[in-house]
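Trainee: To start, I am sharing the structure in question, which I have written as structure tokens.
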Amino acid sequence: MRNVELDPDYTILRWTPEFHALTQAMIPWTKAFVTDDYASGIKALKAALARVPAGDEHGLAFALHVGLARLHALNQEWPQSVAAYRVAWDASPRRIDIAPWLLIRMADAAE
8 MRNVELDPDY
18 TILRWTPEFH
28 ALTQAMIPWT
38 KAFVTDDYAS
48 GIKALKAALA
58 RVPAGDEHGL
68 AFALHVGLAR
78 LHALNQEWPQ
88 SVAAYRVAWD
98 ASPRRIDIAP
108 WLLIRMADAA
118 E
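Numbered per the numbering used here, the sequence shown finishes at 118, counting up by one with no gaps.
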């Protein structure tokens, strides 16, 4: 090792393989959210879930299920939203930084 750079406030953008994989996987969610075409987004995310590689070291399944749950909620498909949130919660690895929001959104969808 020749150099160590601390960046606790994350001020330097890093295009890591994880970020690249996640952004590519979430393109259908972004398009559906922007265009209000939730049904197409749901279909695209389900197709993307079928392509998640074995091992899923970047947490793609987690991100895709959260996106799927959100689109189901926006489409007022509450049972499907709750089911997708539950699958996301069980996924590994999952992002701990958004875990509380996941539980809150799941509770909202379950009402």
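All residues carry an ideal CB built from backbone N, CA and C; glycine is no exception.
A quick note: this is a predicted structure, and the numbers were derived from the prediction, not measured.
Give the straight-line distance between the Cα atoms of residue 52 and residue 15, rounded to the nearest whole angstrom.
Mentor: C-alpha separation (whole angstroms): 33 Å.
Trainee: Where does the unbroken alpha helix (DSSP H) through residue 36 begin, and where does it stop?
Mentor: Looking at the DSSP string, the run of the alpha helix (DSSP H) that includes residue 36 is 34-42.
Trainee: What are the uninterrupted segments assigned as beta strand (DSSP E) that are 3 or more residues long and contained completely in the region 10-84, given in chain order?
Mentor: Runs found: none.
Trainee: To which residues of the same chain is residue 115 closer than 8 Å at the C-beta, ignoring the five residues directly before and after it?
Mentor: Result list for residue 115: 80, in chain order.
Trainee: Relative to the C-alpha of residue 54, which residue among 11, 72, 106 and 9 is closest?
Mentor: Per the Cα distances, 72.
Trainee: Look up residue 99 in the DSSP assignment and say whether it is helix, strand or coil.
Mentor: Note: residue 99 maps to coil in three-state DSSP.
Trainee: If I follow the unbroken alpha helix (DSSP H) through residue 111, where does it start and stop?
Mentor: Per DSSP, residue 111 belongs to the alpha helix (DSSP H) from 106-117.
Trainee: Measuring only the C-alpha atoms, how far is residue 77 from residue 102?
Mentor: Roughly 16 Å between the two C-alpha positions.
Trainee: For residue 36, I'd like the list of residues in its chain whose CB is within less than 7 Å of its CB, leaving aside the five on either flank, ordered along the chain.
Mentor: Around residue 36: 48, 52, 74 and 78.
Trainee: In chain order, what residues of the same chain have a beta carbon less than 8 Å from the beta carbon of residue 50, not counting five sequence neighbours either side?
Mentor: Closer than 8 Å at Cβ, skipping near neighbours: no residue.
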